[in-house]
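Some notes on the structure that comes next.
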Amino acid sequence: MKKIRPSFIPAIGWLILATILLTLPGSSFPKEDWLGKIWFDKWVHIGMFAIMTFLWCWAFLRIEEDRAALKKVFILIAVLGLLYGVGMEFVQKFYIPNRSFDLGDIAADAAGSALGLLFSLRRYVKK
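With the working numbering applied, the sequence shown corresponds to residues 18 to 144, in that order.
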């Protein structure tokens, strides 16, 4: 059995944390009205998915040497991150009490994945 590379540990940890946060029942969240006014939930989704995409890109940076292939891997990571977000919306809708499917969350997940991708490309894939 192969050992998990140390570079994957932060990405796996963040994925586990994100899954826990995204599957908490809706009653676990504060009902502050001002949080809704600043779209706090959407900013959280953007941040979570930007960090997740960046951490997975960083992990694969340690494996892939070819910069052209690395760019494709980074794009795939961002797309998979978005698909994970869409899947979690369905999990929330059908399996988590007091949670629902929200297209706004998917848009925020897409924005976060794109930000993580752009940051990773600019930082690690030099032209």
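Note that the Cβ used here is the ideal one computed from N, Cα and C, for glycine as well.
Predicted model only: the values in this text are computed from it and were never measured.
Among the options, nearest to residue i - alpha-carbon criterion
i	options	result
L134	L32, C74, I123, W31	C74
M105	L87, L41, A131	L41
I123	P23, S24, L39	L39
H62	Y141, A95, Y101, A125	A125
A35	I68, I113, R140	I68
K143	D58, G64, Q109, R84	R84
R140	L93, K110, K88	K88
L32	W56, F57, D58, G64	G64
Local Cβ density within 10 Å of residue i, reported as buried at 16 or more and exposed below that
i	result
L120	exposed
G30	exposed
S137	buried
G43	exposed
F71	buried
H86	Position check: residue 86 holds Ala in this sequence, whereas His was assumed. The residue is exposed, with fewer than 16 neighbouring Cβ atoms inside 10 Å.
Own chain residues within Cβ distance below 7 Å of residue i, not counting five before or after
i	result
V90	F77, E81
W60	none
F66	G98, G102, D126, G129, S130, G133
Contacting residues, own chain, Cβ-Cβ under 6 Å from residue i (five flanking each side not counted)
i	result
R116	G43, Q109
I26	none
8 Å CB neighbourhood of residue i in its chain, flanking five on each side removed
i	result
R79	R22, S24
Checklist entry - Which runs of the alpha helix (DSSP H) spanning at least 4 residues fall entirely within the segment 23-105, listed in chain order? => result 26-39, 50-54, 57-78
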